Amino acid sequence: MQETQHVKILKASMLNKTLIIAEAGVNHNGDIDIAKQMIDIAAEVGVDYVKFQTFKTEKLVNKAAKKAEYQAKNSGDTDDTQFAMLKKLELTGAMHEILIDYCRERNIRFLSTPFDEDSARYLSSLGIKIGKIPSGEITNLPFLRTMAACFPELILSTGMSTMEDVEAALQALTNAGAKKENITILHCNTEYPTPFTDVNLKAMLFIQRKTGVRIGYSDHTLGIEVPIAAVALGAVVIEKHFTLDRSLSGPDHKASLEPSELKAMVSAIRNIESSLGSEKKEPSQSERKNMSVARKSIHIKQNLSADHILTAADLVMKRPGDGISPMEFEKIIGRKLKNNLCSDHMLTWNDLM
3 MQETQHVKIL KASMLNKTLI IAEAGVNHNG DIDIAKQMID IAAEVGVDYV KFQTFKTEKL
63 VNKAAKKAEY QAKNSGDTDD TQFAMLKKLE LTGAMHEILI DYCRERNIRF LSTPFDEDSA
123 RYLSSLGIKI GKIPSGEITN LPFLRTMAAC FPELILSTGM STMEDVEAAL QALTNAGAKK
183 ENITILHCNT EYPTPFTDVN LKAMLFIQRK TGVRIGYSDH TLGIEVPIAA VALGAVVIEK
243 HFTLDRSLSG PDHKASLEPS ELKAMVSAIR NIESSLGSEK KEPSQSERKN MSVARKSIHI
303 KQNLSADHIL TAADLVMKRP GDGISPMEFE KIIGRKLKNN LCSDHMLTWN DLM
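Using the numbering used here, read the sequence shown as starting at 3 and increasing by one per residue.
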């Protein structure tokens with residue numbers, strides 16, 4: 003199956019480019035045809051993975067648990083419990099298999115986030131090698147141990163977390179057998195949409211310094227600016243929700259990108275990647291041709307006779323820059339001229355005794 007190559011693909015991607023996960027999540031609204039349309043879009047815009055969510059509502063939430071404020075606001079229904087909302091959004095086993103096959107047809111990779119231990123084991127049984135740990139499970143020790151046992155590669159989201167929470171989760175995963183070098187931690191804010199003032203993107207770099215693992219960013223802001231900035235700062239994984247239409251009813255649509263926005267984000271990220279280059283500072287191939295045009299050389303201000311001893315008053319710095327560099331100015335002062343020189347002459351070393 004295609005999924006058996008996930009770990010190699012993830013590592014190769016993070017050596018050469020940012021791995022972009024288009025988070026379909028539950029924005030399919032329980033409709034397999036909408037889910038397929040979302041796969042089509044993800045494939046067309048060129049993301050690396052399209053990701054759904056795998057859960058059994060009975061194992062995720064009790065029947066009395068209230069919706070989060072954003073869920074109640076965005077759902078557009080009268081049910082006030084998470085249970086009623088989530089039950090409508092479950093993907094069945096058959097739906098998972100259909101979507102995996104359809105991803106293969108569209109040449110895009112399938113992922114899904116489990117929200118309970120049985121769902122984690124189920125995804126592992128399908129041959130999926132990358133386990134995504136959602137922010138809400140970062141303090142769920144039994145779940146973390148199961149994820150470490152099920153998946154050789156792990157991605158950990160850290161919304162609502164302190165640094166102590168992150169370090170405790172990382173320790174739990176490695177204690178359960180996960181290899182630290184196979185863990186990527188995503189900075190995240192679990193508010194839909196996240197206010198820009200609450201993003202705290204610098205925390206992503208702090209996580210990397212404190213843990214020494216690969217870092218990325220899971221974004222819930224409106225727009226595409228913050229994930230692009232995260233790539234510029236060093237994120238190797240970007241996760242972003244998308245939807246067919248933000249006006250659809252459901253908990254996550256309002257904080258998701260529409261197809262044209264997802265396409266723009268992918269394009270911008272790829273442009274940023276190509277612009278990062280290396281830490282070596284030198285003229286690029288494209289700009290070398292402009293060096294003589296934009297820089298200056300040492301020129302003679304006025305007509306001068308042979309044997310004249312040059313002073314600073316005799317010299318002027320002008321373009322082009324293919325003569326003696328002004329950085330050699332001090333070496334020119336006090337030198338004699340071999341021949342008569344005219345005003346505006348670009349000085350060469352052959353002009354000097």
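Where is the CB? At the ideal position from N, CA and C, for every residue including glycine. Since we're looking at a predicted model, the values are computed, not measured.
Asked, Found
"Touch test, the segment 231 to 244 against the segment 176 to 195, Cβ-Cβ under 8 Å, three pairs minimum", "yes"
"Status (buried if at least 16 other CB within 10 Å, exposed otherwise) for residue 95", "exposed"
"Host alpha helix (DSSP H) of residue 124 (start-end)", "119 to 127"
"One or two residues paired with residue 241 in a DSSP bridge", "23, 220"
"Those runs of the beta strand (DSSP E) which lie wholly inside the segment 296 to 323 and span at least 3 residues", "299 to 302, 317 to 320"
"Close-in-space but distant-in-sequence residues of the same chain around residue 299 (CB under 8 Å, 5 per side omitted)", "319, 320, 321, 322, 323, 324, 325, 326, 327, 328, 348, 349"
"Buried/exposed call for residue 131, threshold 16 Cβ in 10 Å", "buried"
"Among 91, 334, 112, the one whose alpha carbon lies nearest that of residue 57", "91"
"Beta-carbon spacing of residue 213, residue 175 below 7 Å", "no"
"Alpha-carbon to alpha-carbon, residue 136 and residue 160", "8 Å"
"Sub-7 Å separation of residue 114 and residue 153 beta-carbons", "no"
"7 Å Cβ shell around residue 232 - same chain, five flanking residues per side excluded", "203, 206, 219, 240"
"Residue 47 (DSSP reduced to helix, strand or coil)", "helix"
"Burial state of residue 3, where buried means 16 or more other Cβ atoms lie within 10 Å", "Model confidence at residue 3 stands at a pLDDT of 37, short of 50, so the residue's coordinates are unreliable and nothing is read from them."
"Closest by C-alpha distance to residue 83, when choosing among 265, 97, 68, 192", "68"
"Bounding residues of the alpha helix (DSSP H) (the contiguous stretch that carries residue 116)", "From DSSP, residue 116 is part of no alpha helix (DSSP H) but of the beta strand (DSSP E) over 111 to 116."
"Alpha carbon of residue 262 to alpha carbon of residue 98, nearest angstrom", "26 Å"
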